[in-house]
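The structure appears below as structure tokens.
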Amino acid sequence: MTDHNRSYLETELDAVRAETESGFTFTFQREKVKLLDGLEANVIKDADPFFQKEVSVSEDEVTITIRPPSSYQAFRYIKGKDKKSRWQFAYRLVQAVKQHKLKRLNLIAAPENIVFDKALTPYFLHYGVKESLPPYEEDRQRVWKELKACAALAADGAYTFEEYLKYKETLQFSPEVKSVLEAETFEELEETIQTTIDSLEARDKTYIKLPKKKWKIQRYTGLALAVLLVPALLYSLYVLFFAQPKQEAITESNRYFLNQQYSKVIDTLAKYDAESLPESVQYELASSYVAVENLSEEQRKNIGNLVTLQSDPKHFLYWIDIGRGENEEAINIGRNLEYNPYIWLGLTKYKQQLLADDSMKDDEKQKELDAVESELAKAKKEQEEQNKEAEENRDTAEASAGQDEGGKQDKAKDNKENDKKDEKKDEKK
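Each residue of the sequence shown is one higher than the one before, counting from 1 in UniProt numbering.
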């Protein structure tokens, strides 16, 4: 047998415990136990008459098979009980150890060695037999520590059995569990557990008990009402804390805009996402940012032609982003609109933003600045090409207009000469 993943019980017994559909088995290496004959182990059959026990001895192993009644449950299932039941089980476990009187049978109070019936009465699966099966000798100190750790595990369950057993000085426990682990006598331990049970019973008396069916009806009715009320409550909270203040801010900003108080328009709407605002409000906010922007009169006039109530809302969002210092978003809008002046201004603003940013690492800042400079040069080149193309188109148009005017003058001259010839012919006649 190997020590890998051995439980406390298996380590203490130097055996392998297994759980099957019909019961439990404890397998010992024959060379490691003092048992000479299978008959020596028959004494364990008298400990619990409700259990079916068989002792099988082979050349190499001694196997003890234990079959409790089918209604009995292993210790681990106690955690599924309510809190008062767990403390009651702990109390009965203390009594079971206290009342053990069989001198030849030695207890080991580990969780894997305990089962319980429907009345929460605990029973021990394996007993050591003096001079035959481990544990060979009575060890009251060991059993006392195991009992307190088992009682704490059953009642509390916040830690493992071995943590309750070995680390009671270092771990943090509730006052009730701490009292269990620090108890020095059976009487003190029973009193500690009984006090907790009394407290739980007193608490239970403050509750109203309902038939399960009625409780379920009330529960599901309450849940249904809650489901219906939650959306209404959420909507009310939304209106109270978000929609209503936002609408008030929009109304107030409109009044400021009509009075040409552009800075107050900006301040009033500062905390609201631009895209969440109605287009008419976006227009007023964008116009306010344009009004306070440092621009020449010609620039302001050109922008005024772009930012109107009939404009694409992207123009509004562009100027709001510029005004709020969200220059990267503004650049993206300029690209989307394919409008070089917007791209140029956004890049210029972004460059200023980078130069003023002390939080960036020097190499990162320089890399970003190089990219901005490159794009500025590209935008400048494209703008110059557009200006050149526009100028060429204008010159072509003017030349064409001049040719048309000259043609008209020649034609008028020809018509005049023809008229004179006609007059002379008429005079001769």
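For glycine and all other residues, C-beta sits at the position ideal for the given N, C-alpha and C.
Because the structure is a prediction, the values reported are computed rather than measured.
For Glu61, write down the residues that DSSP places opposite it in a beta bridge.
Against the sequence shown, residue 61 aligns to sequence position 61. Beta-bridge pairing links Glu61 to Gln29.
Would you kindly check if the distance between the Cβ of Thr170 and the Cβ of Val180 is under 8 Å?
Here residue 180 is taken as the residue at index 180 of the sequence shown, counted from 1. Here residue 170 is taken as the residue at index 170 of the sequence shown, counted from 1. Not a contact, by the Cβ cut-off of 8 Å.
Beta-carbon separation of Ile322 and Leu345 under 8 Å?
Position 322 of the sequence shown, counting from 1, holds the residue named residue 322. Position 345 of the sequence shown, counting from 1, holds the residue named residue 345. Yes, they are a contact pair.
Outcome for Ala330 when other beta-carbon atoms lying within 10 angstroms are tallied against a minimum of 16:
As a first step, residue 330 is located in the sequence shown; it is residue number 330 there, counting from the start. So Ala330 counts as buried.
Identify which residue in Phe186, Lys168 and Glu59 has its Cα closest to the Cα of Val97.
Sequence index remark: in the sequence shown, residue 97 carries index 97 (1-based). The option with the nearest alpha carbon to Val97 is Phe186.
Measuring alpha carbon to alpha carbon, tell me which of Lys45, Arg104, Ala74 and Glu297 ends up nearest Lys118.
Locating residue 118 in the sequence shown gives position 118, counting from the first residue. Lys118 has its Cα closest to that of Ala74, out of Lys45, Arg104, Ala74 and Glu297.
Buried or exposed: Arg86, going by 16 or more other Cβ atoms within 10 Å of its Cβ?
Walking along the sequence shown from the start, residue 86 turns up at place 86. Buried, since its Cβ has 16 or more Cβ neighbours within 10 Å.
Residue nearest to Glu59 in terms of C-alpha spacing, selected from Tyr342, Val33 and Ile44
Translated into the one-based positions of the sequence shown, residue 59 becomes position 59. With distances taken between Cα atoms, Glu59 lies closest to Val33.
Please report the distance separating the alpha-carbon of Tyr77 from that of Tyr8.
As a working mapping, residue 77 is identified with position 77 in the sequence shown. As a working mapping, residue 8 is identified with position 8 in the sequence shown. Cα to Cα, the separation comes out at about 18 Å.
Have a look at the DSSP bridge pairing and note the partners of Leu105.
Position 105 of the sequence shown holds residue 105. Answer is Val129, bridged to Leu105.
Name the DSSP beta bridge partners of Phe116, please?
The sequence position of residue 116 within the sequence shown is 116, counting from 1. Phe116 is bridged to Gln73 and Pro122.
With DSSP as the reference, please indicate the residues paired to Ala53 in a beta bridge.
Counting from 1 along the sequence shown, the entry for residue 53 is found at position 53. First, the amino acid is wrong: residue 53 is Lys here, not Ala. Answer is Ile66.
What span of residues does the beta strand (DSSP E) with Val16 cover, start to end?
Counting from one through the sequence shown, the residue named residue 16 turns up at place 16. Residues Ala15 to Glu19.
Give the C-beta separation of Pro49 and Val115 to the nearest angstrom, bearing in mind that I take them to be a contact with Cβ-Cβ under 8 Å.
On the sequence shown, residue 49 is found 49 positions in, with the first residue counted as 1. On the sequence shown, residue 115 is found 115 positions in, with the first residue counted as 1. About 15 Å separates the two Cβ atoms, so there is no contact after all.
Beta-carbon proximity check, Ala152 vs Tyr164, cutoff 8 Å:
The residue given as residue 152 occupies position 152 in the sequence shown. The residue given as residue 164 occupies position 164 in the sequence shown. In this structure, Tyr164 lies closer than 8 Å to Ala152 by Cβ.
Phe186 by DSSP, collapsed to three states: which one?
Taking the first residue of the sequence shown as 1, we reach residue 186 at position 186. Correct three-state label for Phe186: helix.
Please classify Asn387 as buried or exposed, where buried requires at least 16 other C-beta atoms within 10 Å of its C-beta.
One-based indexing of the sequence shown puts residue 387 at position 387. Result: exposed.
Report yes or no: is there a C-beta of chain D within less than 8 Å of the C-beta of Trp215?
No chain D is present in this structure, which holds just one protein chain.
Can you tell me which of Gly304, Gln366, Gly157 and Asn340 puts its alpha carbon nearest to the alpha carbon of Gly80?
For the purposes of this step, residue 80 is identified with residue 80 of the sequence shown, where counting begins at 1. Closest option to Gly80, Cα to Cα, is Gly157.
Out of Pro245, Thr268 and Gln244, which one is the CA nearest neighbour of Arg255?
As a working note, residue 255 is residue 255 in the sequence shown. Of the listed residues, the one whose Cα sits closest to Arg255 is Thr268.
Which runs of the alpha helix (DSSP H) at least 4 residues long sit entirely within the region 193-257? Give them in chain order.
212-238
Is the CB-CB distance between Lys84 and Glu201 below 8 Å?
As a first step, residue 84 must be located in the sequence shown, where it is residue number 84. As a first step, residue 201 must be located in the sequence shown, where it is residue number 201. Result yes, Cβ atoms of Lys84 and Glu201 sit closer than 8 Å.
Phe173 in three-state terms, based on DSSP:
Translated into the one-based positions of the sequence shown, residue 173 becomes position 173. Note: Phe173 maps to coil in three-state DSSP.
If you measure between the beta carbons of Arg30 and Glu61, is that distance less than 8 Å?
Here residue 30 corresponds to residue number 30 of the sequence shown, with the count starting at 1. Here residue 61 corresponds to residue number 61 of the sequence shown, with the count starting at 1. Against a cut-off of 8 Å, the Cβ pair of Glu61 and Arg30 comes out as a contact.
Express the C-alpha separation of Thr251 and Gln244 in angstroms, rounding to a whole number.
Taking the first residue of the sequence shown as 1, we reach residue 244 at position 244. Taking the first residue of the sequence shown as 1, we reach residue 251 at position 251. The straight-line gap from Cα to Cα measures roughly 11 Å.
Taking the alpha helix (DSSP H) that Leu306 falls in, what are its first and last residues?
On the sequence shown, position 306 is the one that residue 306 refers to. Start and end: Glu297 to Leu306.
Close Cβ partners of Lys264 (< 7 Å) along its chain, the five nearest in sequence each way excluded
Reading the sequence shown from its first residue, position 264 is the one you call residue 264. Only Tyr256 meet the Cβ criterion.
For the alpha helix (DSSP H) containing Tyr318, name the first residue and the last one.
One-based indexing of the sequence shown puts residue 318 at position 318. Segment Pro313 to Gly323, the alpha helix (DSSP H) holding Tyr318.
Rounded straight-line distance, which links the Cα of Gln218 to that of Leu229:
On the sequence shown, position 229 is the one that residue 229 refers to. On the sequence shown, position 218 is the one that residue 218 refers to. Looking at the two C-alpha atoms, the distance is approximately 16 Å.
Using CA atoms only, rank isn't needed, just tell me which of Ser359, Ala377 and Glu368 is closest to Pro341.
By 1-based counting over the sequence shown, the position of residue 341 is 341. Nearest option by C-alpha distance: Ala377.
Near residue 433, what residues of its chain come up, given a Cβ to Cβ distance below 7 Å and the 5 sequence neighbours on each side ignored?
The requested residue 433 is not part of the displayed model; the chain covers only 1 to 429.
Measuring alpha carbon to alpha carbon, tell me which residue in Glu138, Val94 and Pro135 is nearest Lys148.
Indexing the sequence shown from 1 puts residue 148 at position 148. Nearest C-alpha to Lys148: Val94.
Residues that Phe89 bridges to, as DSSP identifies them
By one-based count along the sequence shown, residue 89 stands at place 89. DSSP lists no partner for Phe89.
Assess, as a yes-or-no matter, whether the region 346-354 is touched by the region 302-316 under the definition of 3 or more beta carbon pairs within less than 8 Å.
no
Distance between Phe26 and Pro111 (C-alpha atoms, nearest Å)
Locating residue 111 in the sequence shown gives position 111, counting from the first residue. Locating residue 26 in the sequence shown gives position 26, counting from the first residue. The alpha-carbon atoms of Pro111 and Phe26 are separated by roughly 15 Å.
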